[in-house]
Amino acid sequence: MTGAINRQWCVARQPDAGGLTSSGSLKLTADVFGRGQADVPEPGPGQVLIRAVWFSPDPMNHAWVRGIPGKFDPIPVGSPMRGGVAGRIVASNHPDWQVGDGVTGFLEWQDYTLSDGTDCLGVPLQRVPAGVPLESGLATLGMTGLCAWLGMTDIGKPKPGDTVLVSGASGAIGSIAGQIARLAGARVIGIARGPAKCDLVRSLGFDAVIDALSGDLAALIAQEAPNGVDVFFDNVGGPQLDAALLNLAHGARIVICGATAHYNGPTPVTNHLMLAMRGASMSGFFYFDHVARWPEGRRRLADWLRNGLIREALDISEGFDSVPDAALAQFEGRSAGRKLVRIAEDPCAQSA
Ligand SMILES: NC(=O)c1ccc[n+]([C@@H]2O[C@H](COP(=O)([O-])OP(=O)(O)OC[C@H]3O[C@@H](n4cnc5c(N)ncnc54)[C@H](OP(=O)(O)O)[C@@H]3O)[C@@H](O)[C@H]2O)c1
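Numbering that gives the first Met the number 0 applies: residue 0 is where the sequence shown begins, and numbers increase by one.
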């Protein structure tokens, strides 16, 4: 790799305010992203060199940059950003990895990364299975698909005949969560904002879609779910959670996956007494607390993907330079489906 340049996206400065436990905005700004450069490293004994091909900007980027108390420390200023990466092994001194293998993990955002077989969190690198495109390793088989599977399968537990409501249904996680509920035999209603995102949700096979911008959301949900909602998979929080709370069936389960409506500051939720009135439960989950469940989830998701039972909605930005805008697009509701950035050509495209 003599002469090759290892481009990096680094943390240029810590965001001013905001964080999971503060009242400020969670949104990152463009000046938090700074360019860096390093030499391409040579793998030592037991190491592999990964050529990154795809980055997955994700709402979790704010968590990586700011840190989450008790979970991750903030990334130090000047160090490479972290996030989902899919790439190819281009040199290996590791017995489990061969040149050409497709791999994903939470890695530093640079062209080339050394690994001892684990990622930034010490979790083993994930192999992209044969017959699955590299980018699907980040989408359906990555955090996105696994959050959808964990939340829907372990908490929502939809049964045939249930009515399932998904907020953020045009987003990375929501778009897959709804499809998983349909595979379980439920009738699935998605919530999205605007006609284009509603069309995307419809194209993924949801039974009904509600445009959150088209009227009184609680009334629109009541029209689509006259017998109430058995499972609400929530990515948005705020007014969408409040509207869903007014439409729960008895014994309903609410799955708290995320809260995109809170990106710009706290948004009140006032109808929680409906949990008591409907004997309902509300539980959240954090992806990184469920590492032991990932292999089973990946197997299920890979089977569904290979058999065409899950459709991926990818929103692709091209080029290394587009990384900050792609990351910010998520916080501004400008992305639809799984946002990915192709930073380089796949060196083994023909064997993918
Ligand atoms: N629990 C976990 O372990 C875990 C792990 C990863 C991510 N998450 C969280 O899960 C949530 C969904 O993640 P994702 O990857 O699916 O995100 P995403 O692709 O950005 O989708 C989120 C959707 O939320 C909707 N939205 C509603 N209000 C919004 C607002 N004010 N700003 C931006 N978007 C808004 C957008 O759709 P419309 O424009 O159609 O409304 C958007 O498509 C996020 O809150 C994320 O932080 C949780």
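We put the beta carbon where it would ideally sit given N, CA and C, even for glycine.
1. Going by C-alpha to C-alpha distance, which of N5, I4, A3, R34 sits closest to R12?
2. Output the residue ranges of the alpha helix (DSSP H) runs that lie fully inside the stretch 126–154 and measure 4 residues or longer, sorted by chain position.
3. Bridge partners of Q7, per DSSP?
4. How close, in whole Å, do the beta carbons of P44 and L113 come, if the pair is a contact with beta carbons under 8 Å?
5. Anyone know if the C-beta pair for R337 and L313 falls short of 9 Å?
6. Could you name the residues of the same chain whose beta carbon sits closer than 7 Å to that of P346, not counting the 5 residues immediately before and after it, in chain order?
7. Looking at the unbroken beta strand (DSSP E) that takes in F284, where does it start and where does it end?
8. When DSSP builds the beta bridges, which residues end up paired with A85?
9. Once the 5 residues before and after L216 are set aside, which same chain residues still bring their CB inside 6 Å of it?
10. Report yes if the C-beta of E331 is less than 8 Å from at least one heavy atom of ligand 1; otherwise report no.
11. For ligand 1, is there a heavy atom less than 8 Å away from the beta-carbon of I123?
12. Once the 5 residues before and after A176 are set aside, which same chain residues still bring their CB inside 6 Å of it?
13. Could you give the DSSP three-state label for S174: helix, strand or coil?
14. Taking C-alpha atoms, which residue in D198, Y262, D153, I255 lies nearest to L27?
15. Given the structure, does S316 come close to ligand 1, in the sense that its CB is under 8 Å from one of the ligand's heavy atoms?
16. Starting from E295, follow the alpha helix (DSSP H) in both directions and report where the run begins and ends.
17. What three-state label does DSSP hand F205 in the structure shown?
18. If I measure Cβ to Cβ from A258 and keep anything under 6 Å in the same chain, skipping five residues before and after, which residues do I get?
19. Give me the residue from A211, A195, I255 with the minimum Cα distance to I172.
20. Closer than 8 Å is the cut-off here; do at least three beta carbon pairs connect the stretch 185–193 with the stretch 201–215?
21. Any heavy atom of ligand 1 inside 8 Å of the beta-carbon of G166?
22. If you follow the beta strand (DSSP E) that F231 is part of, which residue opens it and which one closes it?
23. Using the Cβ count rule (16 or more neighbours within 10 Å means buried), how would you classify E134?
24. Assign T259 to one of three DSSP states: helix, strand, or coil.
25. Could you check the C-alpha separation between L182 and K156 for me, to the nearest Å?
26. Give me, in chain order, the residues of the same chain whose beta-carbon lies closer than 7 Å to that of I4; leave out the 5 immediate sequence neighbours on both sides.
27. On the criterion of 16 or more Cβ atoms from any shown chain inside 10 Å, does L25 qualify as buried, or is it exposed?
28. For D241, report the span of its beta strand (DSSP E) as first-last.
29. For P123, which residues in the same chain have their Cβ closer than 7 Å to its Cβ, ignoring the five residues on either side in sequence?
30. Check whether chain C comes within 9 Å of D72, counting only Cβ atoms and requiring the distance to be less than that.
31. Of all the options L140, G121, A218, D72, which has the alpha carbon lying nearest to the alpha carbon of V127?
32. Give the secondary structure of K196 by DSSP, where H, G and I count as helix, E and B as strand, and everything else as coil.
33. Take every Cβ of the stretch 94–103, pair it with every Cβ of the stretch 73–86, and state whether three or more of those distances are shorter than 8 Å.
By the coordinates alone:
1. The option with the nearest alpha carbon to R12 is R34.
2. Correct list: 142–148.
3. In DSSP, Q7 forms a bridge with G35, Q109.
4. Incorrect: roughly 12 Å between the Cβ atoms, too far for contact.
5. Their beta carbons are under 9 Å apart, which means R337 touches L313 by this criterion.
6. Excluding sequence neighbours, P346 sits near R50, R87, V89.
7. Unbroken run through F284: none, as it is neither H nor E.
8. Paired residues: W53, T103.
9. Hits under 6 Å: A242.
10. Yes, since a heavy atom of ligand 1 falls inside the 8 Å radius drawn around the Cβ of E331.
11. For clarity, residue 123 is Pro in the given sequence; the question names Ile instead. Result no, Cβ not under 8 Å from ligand 1.
12. Non-local C-beta neighbours of A176 in its own chain, meaning closer than 6 Å and more than five positions away in sequence, comprise A147, M151, V165, F232, ordered along the chain.
13. Three-state result, S174: helix.
14. Closest by alpha carbon: Y262.
15. Look at S316: its beta carbon is at least 8 Å from all of the heavy atoms in ligand 1.
16. For E295, the enclosing alpha helix (DSSP H) begins and ends at 293–305.
17. In this structure, F205 counts as coil in the three-state DSSP scheme.
18. So the qualifying residues of the chain are G236.
19. It is I255 whose Cα lies nearest to the Cα of I172.
20. With three or more CB-CB distances shorter than 8 Å, the stretch 185–193 counts as touching the stretch 201–215.
21. The sequence given here places Ser at residue 166; Gly does not occur at that position. A distance criterion of 8 Å places the beta-carbon of S166 in contact range of ligand 1, judged by its closest non-hydrogen atom.
22. Its beta strand (DSSP E) spans residues 228–233.
23. Counting Cβ neighbours within 10 Å, E134 comes out buried, since at least 16 surround it.
24. DSSP places T259 in helix when its eight states are reduced to three.
25. When rounded, the distance between both Cα atoms is 12 Å.
26. The answer, listed in chain order, is Q36.
27. Classification of L25: buried, given that the 10 Å Cβ count is 16 or more.
28. Where D241 is concerned, there is no enclosing beta strand (DSSP E), although the alpha helix (DSSP H) it sits in stretches over 237–244.
29. G116, T117.
30. The chain inventory of the structure shown lacks chain C, comprising one protein chain alone.
31. When only C-alpha atoms are compared, the closest one is L140.
32. In the displayed model, K196 falls within a helix according to three-state DSSP.
33. These segments touch.
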